[in-house]
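Numbering follows the working numbering, in which position 114 of the sequence shown is assigned residue number 114; successive positions increment by one, without gaps. Quick reminder that beta carbons are idealized off the backbone N, C-alpha and C, glycines included. Owing to the predicted nature of the structure, the values given are computational and were not obtained by experimental measurement. The block underneath contains the structure these notes are about, expressed in structure tokens.
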Amino acid sequence: MTEHAVVERSPWHGAADATELDHWRAVARAAAEHLGADAWERDRANAQPFAELEHLRGTGLVNLLVPAEHGGAGAHWQTAFEVVRILARTDGSIAQLLAYHYINQATIVFYAEPADQGPWWRRSAEGQWVWGDSVNPVDPTLELTPDGDGYRLNGLKRFSTGSSVGDVIIINATVRGGDQDGAVLAFVVEREREGLELLDDWDFLGQRLSASGSVRYHDVRVDPADVLGEIGEEEAFSTLVTPGIQLAFGNFYLGVAQGALARGRELVLARPRSWFLSAAPTYAEDHLVQRTVGELVARTAAVEALADVLNAEFDAVLGLGGEVTAEQRAALEVKVAGLKVVSTEVGVDVANRIYEVTGSSSARSGVGLDLFWRNVRTHSLHDPVDYKKLEVGAHFLLGQVQPISLYT
């Protein structure tokens with residue numbers, strides 16, 4: 001039987017069952033506990049997270065979404081999104097790296113022809129590749145120049161998450177010249193490819209270990225075998241990469257909020273006595289503290305409920321494969337945009353306001369509560385949440401759908 005005969009447009013079908021979810025939740029919790037033991041210290045050291053990714057390889061999480069027939073766990077996206085959420089409770093940087101890895105690795109399905117996907121999956125699974133990216137769409141400085149049967153890549157790309165630690169990098173670039181002039185190709189190169197310069201210039205408030213620095217390309221050779229395919233908008237299925245990205249963000253922000261609440265609870269319970277004007281014996285028994293915590297917990301739980309529904313819906317839409325319509329894609333994207341709005345606002349608010357109940361001592365260097373706010377505040381600037389509100393509002397009022405992009 002040929003490869004073409006057995007590969008469907010989508011390798012993901014059905015829904016995650018309780019056994020799958022319970023197993024990988026336990027794996028993720030153990031990994032989160034391991035990462036959480038020194039997350040603040042590692043963040044402050046600001047070293048490239050090679051060791052952290054090696055730990056994830058050992059857990060099997062790197063190959064979570066790889067189809068079982070190609071050597072992976074064959075799990076569902078609902079499971080992957082929950083894994084990202086759980087890791088974000090203790091280490092937002094590594095949660096981001098894994099989330100981007102899942103999306104980048106999945107471009108095998110979104111961009112490659114079905115007959116070509118098997119070898120890509122098997123190579124990735126066997127090598128336990130971590131996939132970085134160099135695709136920032138608002139920084140379109142990369143150009144592919146035809147050179148013999150391949151191309152030469154030149155330019156600079158900022159915000160290339162995972163590029164400095166991943167085994168391979170997924171890159172998008174425009175062809176300049178030749179028969180494919182103007183086409184945007186997605187292709188994959190190894191991190192050590194000649195002419196690829198990792199600038200290691202990521203110096204930001206948060207997400208310090210997300211390996212999101214810039215990459216400069218100096219006449220990098222790109223062979224036909226490196227190309228996954230051309231990026232277009234004709235097929236709705238291939239554009240589902242964007243709802244996937246935004247869903248990963250929503251689960252990431254939710255996980256940060258949950259982590260901030262968990263750490264905040266520890267700090268509140270450890271506080272002796274109470275405020276001198278309070279009639280309660282301890283801070284945890286103070287009604288004003290309980291009111292603030294109750295509000296934050298309730299809002300976070302509401303975001304979790306929405307995320308759970310959309311995580312499962314993403315699997316359902318992917319399962320339609322090439323039968324996905326533009327209308328189904330648009331409906332999903334608008335719902336995910338709504339999650340982006342509420343998860344951003346709740347994530348930032350929880351990570352900020354938790355200080356109101358943990359007190360001045362929680363701002364001490366080394367307590368680590370600042371890590372949650374710095375991480376969610378930094379990453380939530382990825383794309384303006386106000387435009388997500390407009391996206392939802394325009395659809396609700398006028399039925400308008402935003403143009404397809406890596407943001408919408």
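Endpoints, the alpha helix (DSSP H) within which residue i is located
i    : result
I103 : 92 to 111
G255 : 241 to 270
G132 : Counting along the chain, G132 falls outside any alpha helix (DSSP H), though it belongs to the beta strand (DSSP E) covering 131 to 134.
E295 : 287 to 318
E41  : 39 to 45
D386 : 385 to 398
V83  : 77 to 88
H70  : Careful: H70 lies outside any alpha helix (DSSP H) and carries neither H nor E.
A337 : 326 to 353
W24  : 18 to 36
F50  : 50 to 59
D370 : 370 to 379
Residue(s) in a DSSP beta bridge with residue i
i    : result
V227 : F187
A173 : L185
V222 : Y151
V168 : W131, E190
Y217 : G155, L196
Pick from the options that is closest to residue i, judged by C-alpha positions
i    : options                : result
I86  : A26, L156, R216        : A26
A115 : L65, D43, R9, Q180     : R9
D286 : G321, V297, R271, T300 : R271
K335 : P243, G72, Q290, R158  : P243
A15  : V309, V303, L254, S238 : V309
L61  : G74, F50, P49, H70     : G74
N251 : S343, H13, L65, K157   : S343
L398 : S405, L390, I404       : L390
R364 : A394, A331, A68, L267  : L267
P137 : L156, W120, P119       : L156
S380 : G368, V367, E345, V357 : E345
T408 : V348, A302, A236       : A236
A125 : S274, G71, L196        : G71
G127 : T282, E230, G58        : G58
R176 : I170, T145, G393, F204 : T145
W12  : D370, V392, A39, A80   : A80
N172 : S93, G213, V227        : V227
V392 : L339, L205, A248       : L339
F159 : V184, V256, G366, L97  : L97
D370 : L53, D22, D91, L35     : D91
D201 : Q48, G368, E33         : Q48
E192 : A183, L205, G319, Y217 : Y217
T161 : I108, F204, S278       : F204
D315 : A31, Q180, V241, G366  : V241
W120 : L142, S163, Q180, I170 : I170
A95  : H76, A248, R123, H382  : A248
L196 : D179, V184, N154, P140 : N154
T174 : V165, V168, L185, D167 : L185
L142 : D349, G319, S214, N63  : S214
Q246 : A337, H34, D38         : A337
D383 : V401, L406, V367       : L406
T19  : I108, E69, F50, Q78    : Q78
Residue i: first and last residue of the uninterrupted beta strand (DSSP E) it sits in
i    : result
E143 : 143 to 147
E197 : 196 to 198
Below-8 Å beta-carbon distance, residue i vs any chain B residue
i    : result
L339 : Chain labels in this structure do not include chain B; a single protein chain is all it has.
Inset, instruction - Taking 8 Å as the threshold, find out whether the region 369 to 379 comes into contact with the region 324 to 334 through three or more Cβ pairs. - result: no
Inset, instruction - Answer yes if the region 131 to 141 comes into contact with the region 103 to 113, meaning at least three C-beta pairs across the two stretches below 8 Å, and no otherwise. - result: yes
Inset, instruction - Decide if the region 258 to 267 is in contact with the region 294 to 301; the criterion is three or more beta carbon pairs, one per stretch, under 8 Å apart. - result: yes
Legend entry - Touch test, the region 143 to 156 against the region 222 to 231, Cβ-Cβ under 8 Å, three pairs minimum: yes
Legend entry - Meets three-Cβ-pair contact criterion under 8 Å: the region 227 to 236 and the region 207 to 214: no
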